[in-house]
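Step one of this worksheet: look at the structure below.
Numbering (UniProt numbering), first residue to last: 1 to 640.
Put into structure tokens, the structure is as follows:
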């Protein structure tokens, strides 16, 4: 191998510096994962070469036996991981080893606390891959050449993980990548063949590419019965099963193997919450292995970020992030699908409208929903953990997947007035099981936050009558309810929209008391409507309130406050929405208003009550200074 020449020095991307520093000082409790990550990368490189060689077998360069080789030099204190996979060009080395091309990096680093245990968990959610080498090494050398390029196009990359790296040209006869770890003085324990073999057996047994280590030659020796055992020459020996895990029988695979395979394909440190391994035979034949992570990735809310499953065709790797097999609302699912019915040269464009793809997508979606249903039924605490991480993404489902709308709705969880704590959530089935006799609707309220929903004046009559209401305090909830109109033949009703009709839940005595209260202040409505003019659609009495004097209510078919805020946040034009202004005839302030003869004073009181109701509903006012002036004037008049 010729010496590297024309050396250039570059600085790491800022996020890489932070990540390297964090890993070196935080992942002290799980150092051995560096080998898992490097072997996974090497196996991926072999998979990618196999796929590209389908169209251009010259990329094999007369070497079709793909493998990963690990060697140790105890004297030099180095570990070398070598693959004969796809390799990298100079541009790819700069991109892959100098930057973190992943959305959410800013959010990731903002969450770091300085607590090593907690931060190491965050690193696991983020995924570290190659950079994990610096957990045990104070210097890393990478030599690589892309398959199909000239030997002179090799590249050498060297860094001590301290802010800079050098890159230079290299003559490399063999394609692929060689990663040399120069171990720290206190990490020389890893320069041991048996230690590395045990790590490979623990983390990488499932990888379909052979992982080889050098087996030293053995001299001739005496056997236990005195017979001579002949000498054996040194050789490269496969130390993993080298069989695609998903092709094995489920009964032959341990939970630990499933968990380690998940970490291999996801680069996550944490165990998955659940998984489903299925082999489907019949009209469409395929195998799927699907995982639900325990923690959400930092880029989960970026719907444009690559997501999807690994696609294999007849055990040949085809592509990462095949989004065609998993709907966007299930983008947190990790795993793979291996089809016998797709061509080896299948492309993303062909997958888009392929009937086999549609069958696989339906099957994988069904499996995930079944997995979640089982979890929700058999382990409520575990499902609550899932919901806390991924619930808001699942809420996208009813709008995107009409055929599974009822199933998805059954998986949704909400806070409610029935819950004792904010963390307690209820299912729609739970809600229906507790409905009052005569209740035919599922009542809910949306707001900017859970606390705002809990404090909504719209809840007053429901609390008085003991009717449960779902509390929706997430921004996505309003959008969800535009697409979720009923569940189990019960329709949804926003308590902040339209006329309140409790139907059979009302009693005759209460209705008579309400009518008498309205008669006492009946002149207020016309005067209030005159005072507010074009600000409102109408002014009327309401009995949805018990403690508040007034409330604003959107039309039943009109745009709600939360939908307006959603449109504003998306930068879309928002129409000028007018509300119904409803007065509580039993409230002392409304009775005082009815007795106020001074029309100017009456108008000020009506204006303040309207602004108060708007503030409670919207969280802000168009003209807060006018509200403050009117309120101050009224307070001064009361003080005289």
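Even for Gly, the Cβ is constructed at its ideal location relative to N, Cα and C.
If we ignore side chains and look at the alpha-carbon of each, how far apart do residue 189 and residue 267 end up? 24 Å
Would you call the region 200-212 and the region 225-234 touching, i.e. three or more CB-CB distances under 8 Å? Three or more Cβ pairs closer than 8 Å define a contact, and the region 200-212 falls short of that threshold against the region 225-234.
The region 74-84 contacting the region 185-201, beta-carbon criterion three pairs below 8 Å: Output reads yes: the region 185-201 touches the region 74-84.
In terms of residue numbering, what span does the beta strand (DSSP E) encompassing residue 69 cover? 68-73
Pick helix, strand or coil for residue 179, following the three-state DSSP scheme. strand
Report back the beta-carbon spacing between residue 469 and residue 416 to the nearest angstrom; my notes put them in contact at under 8 Å. 7 Å
For residue 499 and residue 454, I'd like the C-alpha separation in whole angstroms. The straight-line gap from Cα to Cα measures roughly 21 Å.
Where residue 159 and residue 274 are concerned, what is the direct C-alpha to C-alpha distance, given to the nearest angstrom? 38 Å
Residue 78 - containing beta strand (DSSP E), residue span: Annotation: the continuous beta strand (DSSP E) that includes residue 78 extends over 78-83.
For residue 421 and residue 628, the rounded distance between their alpha carbons: 35 Å
Which one or two residues does DSSP pair with residue 337 in a beta bridge? Residue 337 is bridged to 288, 311.
Taking residue 319 as part of the beta strand (DSSP E), name the residues at either end of that continuous run. 316-322
May I ask you to verify whether the region 558-565 touches the region 476-486, counting CB pairs closer than 8 Å and requiring at least 3? Yes, they touch.
Taking the alpha-carbon of residue 438 as reference, which of 449, 465, 429 has the nearest alpha-carbon? 465
Residue 392 and residue 474 - do their beta-carbons sit closer together than 8 Å? yes
Mind checking whether residue 205 and residue 241 have CB atoms under 8 Å apart? yes
Where residue 120 and residue 435 are concerned, what is the direct C-alpha to C-alpha distance, given to the nearest angstrom? Its pLDDT being 48, under 50, residue 120 is placed unreliably by the model, and the measurement read from it follows with that caveat. For residue 120 and residue 435, the distance between alpha carbons rounds to 45 Å.
With DSSP as the reference, identify every bridge partner of residue 236, one or two as the case may be. Residue pairing of residue 236 in beta bridges, as defined by DSSP: 214.
In the DSSP assignment, what are the bridge partners of residue 60? Per DSSP, none; premise fails for residue 60.
Which residue's Cα is closest to the Cα of residue 308: 348, 295, 315? Looking from the CA of residue 308, the closest CA among 348, 295, 315 belongs to 348.
In this structure, how does DSSP classify residue 31 when only helix, strand and coil are distinguished? coil
I'd like to confirm the pairing. Which residues does DSSP put opposite residue 143 in its beta bridges? 156, 178
Cβ-based neighbour list, residue 56, same chain, cut-off 8 Å, excluding 5 preceding and 5 following: 148
Using the C-alpha atoms, what's the distance from residue 574 back to residue 104? Any reading at residue 104 is ruled out, since the residue's pLDDT is 45, under 50, leaving its predicted position unreliable.
At what residue ranges does the region 504-557 contain a whole run of the beta strand (DSSP E), taking only runs of 3 or more? 536-541, 550-553
For residue 461, which of 502, 497, 51 has the nearest alpha-carbon? 502
Top-ranked residue by Cα proximity to residue 712, from 351, 399, 404: What the structure shows of the chain is the stretch from 1 to 640, and residue 712 is not part of that stretch, so it cannot be assessed.
For the region 252-279, list the alpha helix (DSSP H) runs that are entirely contained and at least 4 residues long, ordered along the chain. 255-266
What residue from 291, 299, 283 has the CA that sits closest to residue 255's CA? 291
Determine the direct distance from the alpha carbon of residue 423 to that of residue 44, and round the result to whole angstroms. 41 Å
In the DSSP output, what is residue 492 paired with across the bridge? 442
Along the alpha helix (DSSP H) that carries residue 198, what are the first and last residues, could you check? 193-203
Should residue 229 go down as buried or exposed, given a rule of 16 or more other Cβ atoms within 10 Å for buried? So residue 229 counts as exposed.
Tell me whether residue 154 is buried or exposed, calling it buried when 16 or more other Cβ atoms sit within 10 Å of its Cβ. Its Cβ being crowded by 16 or more others within 10 Å, residue 154 is buried.
In angstroms, rounded to a whole number, what distance separates the CA positions of residue 604 and residue 581? The straight-line gap from Cα to Cα measures roughly 15 Å.
What's the gap between the Cα of residue 567 and the Cα of residue 577? 13 Å
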